Amino acid sequence: KQEVTQIPAALSVPEGENLVLNCSFTDSAIYNLQWFRQDPGKGLTSLLLIQSSQREQTSGRLNASLDKSSGRSTLYIAASQPGDSATYLCAVSNQAGTALIFGKGTTLSVSS
Amino acid sequence: DAGVIQSPRHEVTEMGQEVTLRCKPISGHDYLFWYRQTMMRGLELLIYFNNNVPIDDSGMPEDRFSAKMPNASFSTLKIQPSEPRDSAVYFCASRRGRDTGELFFGEGSRLTVL
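The structure is reproduced here in structure tokens:
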């Protein structure tokens, strides 16, 4: 059974720092991996989607990498801002057409 | 498009009462998912549909939970009878196609069972 783990559970950084959020999954035979952002009391917003054949995806200050063989993904946030404060969730799908399996997330706080 | 629409946003009920949560997916999306989120367990898949047909309901906790999708624009999740341990935020999400992958979430329905 696929399990997704995110460490740390919480992270506090000062504004301007570059940071890395980690995600690991137990079954490396994934179809794709997604990173989401969740603000308090809100739904999830998709940030980046990496197909299993890809190594990384970039969007603005965000860069997500995927290492299937080791069962790991990282989300890199450059020059963090207070507006980046949110919970970031990683999710994987094992096959096309199936549901995503989520980690519990990392709650990020960026102080000004 | 207005996005995935869920109702009610908040529901407070007493143990034993029936609860019905509603979801309108994004038009043209053929996959619909129901998730439940708690602090302890995170986001858990309850059930998902493809073209209105339930594909995987293995996450539905027990017979008290049921879900339907009578047409492409509407789904319900029903809990009868409700229990305090059902208190959680219930999310509906939809997606177009089996390969595109991007999932769009509603704002969630926060359920409190007293």
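Residue numbers (our numbering), protein chains in the order written: chain Y, 23 to 134; chain C, 297 to 410.
Glycine residues also receive a C-beta, built at the ideal position from the N, C-alpha and C atoms.
Please read these numbers as outputs of a predicted model, since none were measured by experiment.
Beta-carbon gap between residue i and residue j smaller than 8 Å
i	j	result
leucine 60 (chain Y)	alanine 108 (chain Y)	A quick correction: the sequence has glutamine, not leucine, at residue 60 (chain Y). Yes, the pair counts as a contact, with Cβ atoms nearer than the cut-off.
tyrosine 327 (chain C)	asparagine 346 (chain C)	yes
glutamine 333 (chain C)	leucine 341 (chain C)	no
valine 132 (chain Y)	valine 35 (chain Y)	yes
histidine 325 (chain C)	arginine 394 (chain C)	no
glutamate 37 (chain Y)	glutamine 103 (chain Y)	yes
phenylalanine 387 (chain C)	glycine 299 (chain C)	no
glycine 404 (chain C)	isoleucine 301 (chain C)	no
glutamine 28 (chain Y)	asparagine 44 (chain Y)	yes
valine 308 (chain C)	threonine 408 (chain C)	yes
glutamine 313 (chain C)	serine 378 (chain C)	yes
Contact set between residue i and chain Y, taken where Cβ atoms lie within less than 7 Å
i	result
aspartate 395 (chain C)	Ala118
glutamate 403 (chain C)	Lys64 and Gly65
phenylalanine 370 (chain C)	By Cβ distance, chain Y contributes nothing, its closest Cβ being about 18 Å from phenylalanine 370 (chain C), past 7 Å.
phenylalanine 361 (chain C)	Correct list: empty, because the minimum Cβ distance to chain Y is about 16 Å.
Beta-carbon separation (whole angstroms), residue i vs residue j, contact threshold 8 Å
i	j	result
leucine 66 (chain Y)	leucine 111 (chain Y)	6 Å
phenylalanine 361 (chain C)	isoleucine 351 (chain C)	At roughly 16 Å, the Cβ-Cβ gap does not stay under 8 Å, so phenylalanine 361 (chain C) and isoleucine 351 (chain C) are not in contact.
proline 321 (chain C)	serine 390 (chain C)	3 Å
Partner residues on chain C for residue i, Cβ-Cβ distance less than 7 Å
i	result
lysine 126 (chain Y)	Gly338
leucine 122 (chain Y)	Leu399
Enclosing beta strand (DSSP E) for residue i [first to last residue]
i	result
aspartate 352 (chain C)	349-352
tyrosine 327 (chain C)	327-334
serine 133 (chain Y)	128-133
glutamate 403 (chain C)	That residue, glutamate 403 (chain C), is in no beta strand (DSSP E); it is neither H nor E in DSSP.
aspartate 89 (chain Y)	84-89
isoleucine 29 (chain Y)	26-29
Closer than 8 Å at the beta carbon, the chain C residues around residue i
i	result
serine 95 (chain Y)	The premise fails here: serine 95 (chain Y) is roughly 14 Å from chain C at the closest Cβ pair, so nothing lies under 8 Å.
phenylalanine 131 (chain Y)	Sequence inspection shows serine at residue 131 (chain Y); the phenylalanine mentioned does not correspond to that position. In chain order: nothing, as chain C lies at least about 17 Å away.
serine 68 (chain Y)	Glu398, Leu399 and Phe400
Contacts that residue i makes with chain Y (C-beta to C-beta distance below 8 Å)
i	result
leucine 341 (chain C)	Ala121, Leu122 and Ile123
aspartate 237 (chain C)	There is simply no residue 237 (chain C) to check, as chain C begins at 297 and stops at 410 in what is shown.
Within chain Y, the residues that residue i reaches when beta carbons sit closer than 9 Å
i	result
phenylalanine 345 (chain C)	Result: empty, since nearest Cβ-Cβ is about 10 Å, beyond 9 Å.
aspartate 352 (chain C)	Thr120 and Ala121
>> I want to know whether the region 72-89 of chain Y touches the region 120-134 of chain Y - three or more CB-CB distances under 8 Å.
In response: no
>> Under 8 Å: do the region 48-60 of chain Y and the region 88-97 of chain Y share three or more Cβ pairs, one atom per stretch?
In response: yes
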